[in-house]
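First comes the structure, then the notes that go with it.
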Amino acid sequence: MSTPTDQMKDIVSLCKRRGFIFPASDIYGGINGFWDYGPLGTELKNNLRDRWWKDMVITPPIGPDGNPIEIVGVDSSIIQNPKSWEASGHVGGFNDPMVDCKASKKRYRADHVIVYSPKDGEGHAIAFDKDAEDAEIEKRLKKLTKKAPADFTTEKLDQLPADQFTNIIGPDVKEPGTLTEPRQFNMMFHTFVGATAGDENKAYLRPETCAGIFLNFKNVVDSSRVRVPFGIAQVGKAFRNEVTPRNFIFRSREFEQMELEWFCEEEDVPMWFDFWVDQRTKFWESLGIPKSSLHFLDVPKEELAHYSSRTIDVEYQFPFAAPGFDELEGIAHRGCFDLTQHQEFSGTKLEYFDQPNNKRFLPHVIEPSTGLTRGVLALLCEAYTVDESRPSGVYMNFHPSMAPKKAAILPLTAKEDHVPIAQKLYLELREQFNVDLDIKQNIGKRYARQDEIGTPYCFTIDNDTISDQTVTVRERNTMAQERIHLDKVASYLREKIYG
RNA sequence: GCGGGUGUAGUUCAAUGGUAGAACGGCAGCCUUCCAAGCUGCAUACGUGGGUUCGAUUCCCAUCACCCGCUCCA
51 MSTPTDQMKD IVSLCKRRGF IFPASDIYGG INGFWDYGPL GTELKNNLRD RWWKDMVITP
111 PIGPDGNPIE IVGVDSSIIQ NPKSWEASGH VGGFNDPMVD CKASKKRYRA DHVIVYSPKD
171 GEGHAIAFDK DAEDAEIEKR LKKLTKKAPA DFTTEKLDQL PADQFTNIIG PDVKEPGTLT
231 EPRQFNMMFH TFVGATAGDE NKAYLRPETC AGIFLNFKNV VDSSRVRVPF GIAQVGKAFR
291 NEVTPRNFIF RSREFEQMEL EWFCEEEDVP MWFDFWVDQR TKFWESLGIP KSSLHFLDVP
351 KEELAHYSSR TIDVEYQFPF AAPGFDELEG IAHRGCFDLT QHQEFSGTKL EYFDQPNNKR
411 FLPHVIEPST GLTRGVLALL CEAYTVDESR PSGVYMNFHP SMAPKKAAIL PLTAKEDHVP
471 IAQKLYLELR EQFNVDLDIK QNIGKRYARQ DEIGTPYCFT IDNDTISDQT VTVRERNTMA
531 QERIHLDKVA SYLREKIYG
């Protein structure tokens with residue numbers, strides 16, 4: 051019986067064996083939280099990225115009014131003026147000092163620990179979690195110090211100097227001195243702009259791509275003739291110093307996002323929100339992710355990010371999450387938080403002027419934001435199909451439009467008669483499709499190899515090809531074969547991939 | 001960051017205090033008219049760094065990476 055863990059291991063090793071994904075810096079022993087994309091993984095990732103870009107920017111969906119909606123793209127810098135991250139809330143929210151307790155092995159946010167210090171300076175100070183009940187506090191204080199709450203002053207732990215920590219009894223222990231010094235956990239990678247390193251030229255690698263969209267909102271409006279409602283799309287790398295990178299490329303420290311910021315009027319938010327949830331669902335389904343593998347989580351109010359009043363997470367049933375789901379995409383109503391913040395911090399007016407109605411306002415934003423690299427992982431997991439009955443034992447059931455290789459051209463033998471025809475077909479097809487020409491070894495071995503990298507079609511040239519100009523098409527999932535004319539191969543492929 | 005586990009070829013595994021084998025995969029060739037056939041040959045590994053030892057892939061320590069459980073995931 052194959053467990054979800056086994057399945058992830060199998061997927062990871064197939065990815066390495068066939069050149070989808072490698073550990074980054076592999077020959078140096080790797081580096082935690084980073085992965086490299088090999089020849090096939092790069093094709094797969096590009097296919098997903100290009101399809102998203104096409105669906106957003108080149109052929110955006112038809113809106114509720116029957117007309118195509120308007121979306122333009124940008125490609126912003128990974129490093130921006132550091133003030134932009136103060137405005138977005140990342141500098142404040144991403145830098146929480148944490149303390150560890152050596153005895154209880156627990157970790158606390160320093161500002162979430164309340165310390166009761168005795169007013170008379172006698173005895174130990176007692177620490178509590180910020181959510182501790184009054185009765186519980188009173189009881190524990192009495193037990194440990196025989197004093198009442200009124201005999202103490204209270205402060206947050208991050209307000210106290212670290213040299214006093216030796217006198218503090220941690221929230222989950224009975225002896226003092228088990229709390230470590232507060233440590234900064236910088237979720238944002240930082241770097242320095244220019245040759246000298248110092249606080250005055252400190253900068254950050256973006257922890258999300260969307261900020262670059264908001265920073266360019268005015269430039270796009272001024273230069274592109276877009277009118278609300280409209281969207282700005284961006285694909286790019288983002289970086290987060292995750293505490294625990296886990297689950298292959300699911301949570302890595304360098305990853306890639308595909309984000310759309312949809313700017314609309316506040317009163318239209320509910321309509322557009324539903325519109326985008328629907329559109330994004332259709333997107334994943336069209337790539338071969340069945341609705342049954344997806345789950346839609348209306349994020350509870352208390353778990354919403356600081357900027358959002360409503361978020362729906364589109365979750366996928368990753369093997370490591372089974373029987374649960376984990377986040378693939380988030381569709382968030384960000385209100386006008388970002389434009390408001392950037393307007394305030396930058397001092398630049400970002401209001402949109404609606405000329406026909408002669409009004410100025412900050413548009414509200416719906417943000418469908420998905421991890422490109424998480425999407426790749428979902429495609430890999432979904433495609434991975436065990437089939438003991440075939441030589442490879444497994445095949446990758448990629449949707450033809452996502453498959454790294456669309457077809458393989460295989461001369462049945464390496465004899466002189468078959469190879470030239472195969473080469474000619476290959477040279478024709480590669481102008482339109484990413485295809486392989488594979489001449490060596492027996493045909494079964496070559497089919498098996500293509501199965502394992504998820505190539506949906508193989509065209510085989512045999513003696514009949516010489517006499518009647520037909521080739522065998524071998525379909526990956528069914529292994530069924532049919533003959534079609536050489537002239538029809540390109541249109542056949544086009545129909546299967548895009549039709 | 002904590003606790004537990006693992007680390008031998010590209011992959012999956014084996015053996016061993018006296019420097020390593022297999023299967024599959026890869027490459028080259030023979031043979032092949034449709035699913036890893038058969039035959040021949042070739043290449044490739046003890047994560048890294050210390051220590052113990054005459055000698056370490058094996059024992060010990062550290063480190064790194066991966067997996068599981070916590071923690072974290074704005």
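Going letter by letter, the first sequence gives residues 51 to 549 in my numbering.
We treat Cβ as the ideally placed atom computed from N, Cα and C, and that holds for glycine.
Exercise. If you pair each beta-carbon of the stretch 281-288 with each one of the stretch 259-273, do three or more pairs fall below 8 Å?
Worked result: Yes, the stretch 281-288 is in contact with the stretch 259-273.
Problem set entry | Cut-off 6 Å between Cβ atoms - residues of its own chain near Gly220, not counting five sequence neighbours on either side | Excluding the 5 residues flanking it on each side, Gly220 has same chain C-beta neighbours closer than 6 Å at Cys151, Ala177, Thr228 and Leu229, in chain order.
Problem set entry | Simplified DSSP assignment, three categories, for Leu422 | Reduced to three states, the DSSP call for Leu422 is helix.
Exercise. At which residues does the alpha helix (DSSP H) containing Phe267 begin and terminate?
Worked result: Per DSSP, Phe267 belongs to the alpha helix (DSSP H) from Phe267 to Ser274.
For this session: Determine which residues share a DSSP beta bridge with Cys431 and list them.
Result: Cys431 is not bridged to any residue.
For this session: Reducing DSSP to helix, strand and coil, say where Arg480 ends up.
Result: Arg480 falls in the coil class under three-state DSSP.
For this session: With DSSP as the reference, please indicate the residues paired to Cys314 in a beta bridge.
Result: In DSSP, Cys314 forms a bridge with His414.
Exercise. Span of the beta strand (DSSP E) holding Gln57?
Worked result: Unbroken run through Gln57 is the alpha helix (DSSP H), Pro54 to Arg67; no beta strand (DSSP E).
Problem set entry | Straight-line gap, Gly113 to Phe305 (C-alpha atoms, nearest Å) | When the Cα atoms are used, Gly113 and Phe305 turn out to be separated by approximately 31 Å.
Problem set entry | Residues that Trp85 bridges to, as DSSP identifies them | In the DSSP output, where bridge partners are listed per residue, Trp85 has Pro73.
Problem set entry | Inter-residue Cα distance where the pair is Pro132 and Phe289 | Put simply, the backbone Cα of Pro132 is about 15 Å away from that of Phe289.
Exercise. So what's Glu401 in DSSP terms, helix, strand or just coil?
Worked result: In the structure shown, the three-state DSSP call for Glu401 is coil.
Exercise. Is the distance from the Cβ of Lys465 to the Cβ of Asn484 below 7 Å?
Worked result: With respect to the 7 Å criterion, Lys465 and Asn484 are not classified as neighbours on the basis of their beta carbons.
Exercise. Can the beta-carbon of Gln307 be found less than 7 Å from the beta-carbon of Ala137?
Worked result: Between Gln307 and Ala137, the gap from beta carbon to beta carbon reaches 7 Å or more.
Exercise. Hey, out of Arg480, Leu337, Gln531 and Asn492, whose CA is closest to Tyr548's CA?
Worked result: Tyr548 has its Cα closest to that of Leu337, out of Arg480, Leu337, Gln531 and Asn492.
Exercise. Apart from the five residues on each side of it in sequence, which residues of its chain come closer than 8 Å, Cβ to Cβ, to Gly244?
Worked result: Same-chain partners within the cutoff: Asn251.
For this session: Return the residue from the list Tyr445, Ile164, Pro279 and Trp312 that minimises the CA-CA distance to Asp184.
Result: Nearest to Asp184 by alpha-carbon distance, out of Tyr445, Ile164, Pro279 and Trp312, is Ile164.
Exercise. Buried or exposed: where does Leu210 fall if 16 or more other Cβ atoms within 10 Å of its Cβ makes it buried?
Worked result: Buried is the call here.
For this session: Would you check if the distance between the CB atom of Pro450 and the CB atom of Lys546 is smaller than 7 Å?
Result: Yes, these two residues count as a Cβ contact at 7 Å.
Exercise. So Pro168 packs on Asp201, CB below 8 Å; how close in whole Å?
Worked result: Taking the Cβ atoms as the reference, Pro168 lies roughly 6 Å from Asp201, within the contact range of under 8 Å.
Exercise. Taking the C-alpha atoms as reference points, what is the distance between Phe300 and Thr294?
Worked result: Thr294 has its alpha-carbon roughly 11 Å from the corresponding atom of Phe300.
Exercise. Quick one, are the C-beta atoms of Ile61 and Tyr434 less than 7 Å apart?
Worked result: Yes, the pair counts as a contact, with Cβ atoms nearer than the cut-off.
Problem set entry | Residues near Lys66 by beta carbon distance below 7 Å, same chain, minus five either side | Close CB contacts of Lys66 within its chain, under the 7 Å cut and outside five residues either way in sequence, are with Phe72 (chain order).
Problem set entry | Rounded separation between Leu400 and His414 - CA only | The straight-line gap from Cα to Cα measures roughly 12 Å.
Problem set entry | Ranges of the alpha helix (DSSP H) found wholly within the stretch 170-257, counting only runs of at least 4 | Secondary structure remark: continuous alpha helix (DSSP H) runs of at least 4 residues inside the stretch 170-257, in chain order: 184-195.
Problem set entry | Start and end residues, beta strand (DSSP E) containing Asp348 | Asp348 -> beta strand (DSSP E) spans Leu344 to Asp348.
Exercise. Taking contact to mean at least 3 C-beta pairs separated by less than 8 Å, is the stretch 411-431 in contact with the stretch 470-485?
Worked result: By the criterion of at least three beta-carbon pairs nearer than 8 Å, the stretch 411-431 is not in contact with the stretch 470-485.
Exercise. What three-state label does DSSP hand Ser167 in the structure shown?
Worked result: Correct three-state label for Ser167: strand.
Problem set entry | Thr551 - DSSP class collapsed to helix/strand/coil | This structure gives no information on residue 551, because the portion of the chain shown stretches from 51 to 549.
For this session: Give the single residue among Ile459, Leu98 and Phe280 whose Cα lies nearest to the Cα of Thr522.
Result: When Ile459, Leu98 and Phe280 are compared, the shortest CA-CA separation from Thr522 is found for Ile459.
For this session: Note the first and the last residue of the continuous beta strand (DSSP E) segment covering Val521.
Result: Here the beta strand (DSSP E) through Val521 covers Thr520 to Glu525.
Exercise. Cα separation between Gly380 and Glu352?
Worked result: Gly380 and Glu352 have their C-alpha atoms some 16 Å from each other.
For this session: Along the beta strand (DSSP E) that carries His383, what are the first and last residues, could you check?
Result: Note, His383: beta strand (DSSP E), Asp376 to Gly385.
Problem set entry | Pro369, buried or exposed, once every other Cβ within 10 Å from all chains shown has been counted against 16 | By the Cβ neighbour-count rule, Pro369 is buried, with 16 or more other Cβ atoms within 10 Å of its own.
Exercise. Do you know offhand how far Gly79's Cα is from Ile489's?
Worked result: Annotation: Gly79 to Ile489 spans about 35 Å, alpha carbon to alpha carbon.
Exercise. How many Å lie between Asp179 and Glu188 at the Cα?
Worked result: Going by the C-alpha atoms only, they are around 13 Å apart.
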